[in-house]
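Shown next, in structure tokens, is the structure this report addresses.
Protein chains in written order, with our numbering: chain A, 551 to 914; chain B, 16 to 304.
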């Protein structure tokens with residue numbers, strides 16, 4: 551059964567079109583992440599689902615019920631805000647029970663739900679404190695608790711971890727994942743952090759300029775990005791893009807702009823459709839798909855490079871280099887010693903590459 | 016921590032304090048003269064020095080100023096006018112503050128088409144000089160049948176005050192995160208419940224600021240008081256003026272001084288009691304939750 555269905559949703563602020571003709575279906579129990587740079591419309595979309603913004607056109611269904619014009623409180627959703635938005639003058643308990651009181655629930659029921667939620671989130675000892683006396687992580691938990699007590703099918707998260715420091719963020723990320731596994735309800739999670747998206751999501755919707763660029767599993771998006779924008783957005787360090795031309799002589803050959811004498815054979819790459827000769831393209835390859843040394847020499851594509859800058863990151867070292875005047879980054883094992891000016895042979899299998907049209911940047 | 020020894024004497028610092036004390040004395044001198052004079056009898060005032068302390072303090076001037084001094088043809092002291100002022104100030108301050116709180120809340124957190132324009136228009140109200148509205152307001156009060164009444168004066172003060180109170184509250188509430196309103200909407204709280212349970216508890220400092228401001232403005236107002244009040248509804252400022260200008264026999268400076276202090280006392284009390292909130296409220300911007 552579908553938990554959320556968004557049909558032909560459009561939103562304009564005056565002349566400005568923020569979302570246009572957007573369709574999205576989310577299954578029950580699914581964890582969907584809306585990912586994109588700031589200003590792409592992801593938070594706006596979430597606010598439309600929550601009912602905090604009136605949409606210009608289209609329909610929104612939650613659990614099969616048309617909620618397009620329902621008040622937020624009537625939609626059967628819970629929401630966690632970026633700034634937590636805890637009520638400053640209420641205790642934690644007051645924060646958790648405010649919505650239930652407004653809904654006119656009996657006292658025992660409120661007690662029961664607050665107790666249950668605070669057990670799940672381990673905030674029982676904080677119930678009598680005011681938000682000002684809580685740490686960032688505790689506030690975040692209370693904010694989640696406020697959604698939890700509502701006992702709803704759908705949770706909405708609006709960049710819930712971006713106000714926290716890096717260490718806490720990783721910890722709470724796992725907790726949110728655990729929470730999802732335990733509750734098994736539908737979650738929509740907005741973030742600009744691609745690692746959060748990759749780790750949490752069942753499916754990711756990558757947004758840009760109010761449009762969904764790609765909606766798929768993290769794995770599929772990582773390995774088969776539909777366009778250059780998605781490819782560059784997902785993955786850290788980000789994908790290398792080499793500008794060049796496909797020469798079609800019964801097998802596709804890549805000719806790099808600005809050099810590289812041995813033109814590599816791209817036969818292993820699976821093209822979406824047959825490709826015309828002399829097509830200008832971007833060849834994308836992830837730094838972590840590049841191999842070095844002896845292994846590289848056995849790859850269909852290999853060449854040698856000069857090390858310009860290297861960044862040791864512990865387990866791996868990221869090496870910055872150039873080929874034919876174009877930037878090229880690759881990963882080597884953290885234990886391998888490397889020096890600026892070293893020549894290194896690198897190679898990759900075109901099967902792991904992504905090729906995009908030069909003009910419209912769509913996957914080929 | 017870099018701690019200075021308390022004994023080290025710094026010439027510059029001593030100078031600063033001396034200067035401050037000198038200025039403080041200068042500023043307090045008139046108050047001292049008023050208080051000292053109010054406790055002297057008329058003989059002592061005529062013969063003695065202005066700065067000299069009262070040699071035989073007497074409450075004569077205070078009693079007379081409060082209950083029997085002549086303000087024009089009546090000789091009942093300031094007491095009835097003091098209560099007139101209270102009857103004007105209490106409702107005018109409360110009503111204008113409450114309206115201001117609602118206006119400010121709505122303009123800051125429930126923006127609608129034209130709300131910014133409306134706020135601009137209200138703001139304009141802060142800059143309209145009193146004199147400009149005297150005649151039209153008199154005509155309006157007349158046609159409403161409120162001329163020369165306490166109710167009429169309250170209405171004038173409320174209308175005039177709403178521009179300021181709205182400005183105060185609006186600017187205070189702008190600093191409260193809008194996500195609180197959204198969270199409250201998700202929790203099923205509407206316009207009024209959000210105000211009552213979330214914004215009101217945050218508002219003590221701005222309420223204090225607004226009340227002090229309005230209280231001082233309305234209590235000290237003379238122009239509206241003199242123009243729109245009738246014989247029995249004059250506020251204390253008008254009565255004080257009449258008292259000082261009515262002379263039966265010789266001029267009684269001690270009574271004038273006592274009367275002036277009585278008229279000024281309530282605002283002084285409000286400042287002393289709530290002054291620290293005033294400063295705090297003016298500087299309080301964001302609400303950290």
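Beta carbons are placed, not taken as given, at the ideal position from N, Cα and C, and that holds for glycine.
Between the CA atoms of residue 614 of chain A and residue 553 of chain A - distance to the nearest angstrom: So the alpha carbons of these two residues sit roughly 7 Å apart.
Helix, strand or coil at residue 118 of chain B according to DSSP, with G and I counted as helix: helix
Inter-residue spacing [alpha-carbon to alpha-carbon] between residue 226 of chain B and residue 194 of chain B: 28 Å
Test: residue 201 of chain B CB closer than 7 Å to a CB of chain A: yes
Burial state of residue 124 of chain B (16 or more Cβ within 10 Å): Label assigned to residue 124 of chain B: buried.
Residues, ordered as in the chain, of the region 195-222 of chain B that lie near chain A by beta-carbon distance below 8 Å: Those residues of the region 195-222 of chain B that come within reach of chain A (Cβ to Cβ, closer than 8 Å) are 195, 197, 198, 199, 200, 201, 202, 203, 204, 208, 212, 213, 216, 217.
Residue 300 of chain B versus residue 218 of chain B: straight-line alpha-carbon distance, rounded: With a pLDDT of 39 at residue 300 of chain B, under the threshold of 50, the predicted position of this residue should be treated as unreliable, though the coordinate-derived value follows. Going from the Cα of residue 300 of chain B to the Cα of residue 218 of chain B covers about 12 Å.
Cutoff 7 Å: residue 305 of chain B Cβ touching any chain A Cβ: It is not possible to answer for residue 305 of chain B, since the shown part of chain B is limited to 16 through 304.
Beta carbon proximity, residue 192 of chain B to chain A, threshold 7 Å: yes
Member of A:789, A:784, A:850, A:740 whose CA lies at the smallest distance from the CA of residue 597 of chain A: A:740
Inter-residue CB distance, residue 752 of chain A and residue 582 of chain A (contact presumed, cutoff 8 Å): Between residue 582 of chain A and residue 752 of chain A the Cβ distance is about 7 Å, and since that is below 8 Å, they are a contact.
For residue 884 of chain A and residue 862 of chain A, the rounded distance between their alpha carbons: 7 Å
Reference residue 745 of chain A, options A:759, A:758, A:762, A:724, closest by Cα: A:724
Distance cut-off 6 Å: residue 571 of chain A Cβ against heavy atoms of the ligand GDP: By its list of ligands, the structure shown contains no ligand whatsoever, and the ligand GDP lies outside what it can speak to.
Min CB distance residue 292 of chain B to chain A below 7 Å: no
Environment of residue 253 of chain B [buried if 16+ CB atoms lie within 10 Å]: Classification for residue 253 of chain B: buried.
Partner residues on chain B for residue 891 of chain A, Cβ-Cβ distance less than 7 Å: Result: empty, since nearest Cβ-Cβ is about 50 Å, beyond 7 Å.
Interface residues of chain B facing residue 653 of chain A [CB-CB closer than 7 Å]: Per Cβ cutoff of 7 Å: 203.
Cross-chain neighbours of residue 757 of chain A in chain B, by beta carbon under 9 Å: Near residue 757 of chain A there are no residues of chain B at all, since even the closest Cβ is about 21 Å away, more than 9 Å.
Contact with chain B by residue 819 of chain A, beta-carbon distance below 7 Å: no
Among B:212, B:201, B:264, B:278, nearest to residue 707 of chain A - alpha-carbon criterion: B:201
Reference residue 922 of chain A; option with closest CA among A:589, A:563, A:624, A:623: Residue 922 of chain A cannot be examined here, being either before or after the span of chain A that is shown, 551 to 914.
Delimiting residues of the beta strand (DSSP E) encompassing residue 673 of chain A: Run containing residue 673 of chain A: none; DSSP gives neither H nor E here.
Inter-residue spacing [alpha-carbon to alpha-carbon] between residue 182 of chain B and residue 166 of chain B: The alpha-carbon separation between residue 182 of chain B and residue 166 of chain B amounts to approximately 24 Å.
Test: residue 637 of chain A CB closer than 7 Å to a CB of chain C: Note that chain C does not occur in the displayed structure, where the protein chains are A and B.
Cutoff 7 Å; reference residue 281 of chain B; Cβ partners in own chain excluding five residues on either side: Spatial neighbours of residue 281 of chain B in its own chain (CB-CB distance under 7 Å, excluding positions within 5 residues in sequence) are listed in chain order as 234.
Rounded separation between residue 91 of chain B and residue 156 of chain B - CA only: 28 Å
Same chain only: Cβ atoms within 7 Å of residue 557 of chain A, ignoring 5 sequence neighbours per side: 573, 608, 609
Enclosing alpha helix (DSSP H) for residue 600 of chain A [first to last residue]: 592-600
Distance, residue 264 of chain B Cα to residue 61 of chain B Cα: Distance between the alpha carbons of residue 61 of chain B and residue 264 of chain B: 14 Å.
Chain B within 7 Å of residue 649 of chain A, Cβ atoms only: yes
CB of residue 898 of chain A within 7 Å of CB of residue 842 of chain A, strictly: no
For residue 271 of chain B, three-class secondary structure by DSSP: helix
Entirely enclosed beta strand (DSSP E) segments - the region 676-723 of chain A, minimum 3 residues: 704-708
Sequence-distant residues of its chain with Cβ nearer than 8 Å to residue 575 of chain A (five each side left out): 552, 554, 555, 556
Inter-residue Cα distance where the pair is residue 108 of chain B and residue 184 of chain B: The alpha-carbon atoms of residue 108 of chain B and residue 184 of chain B are separated by roughly 14 Å.
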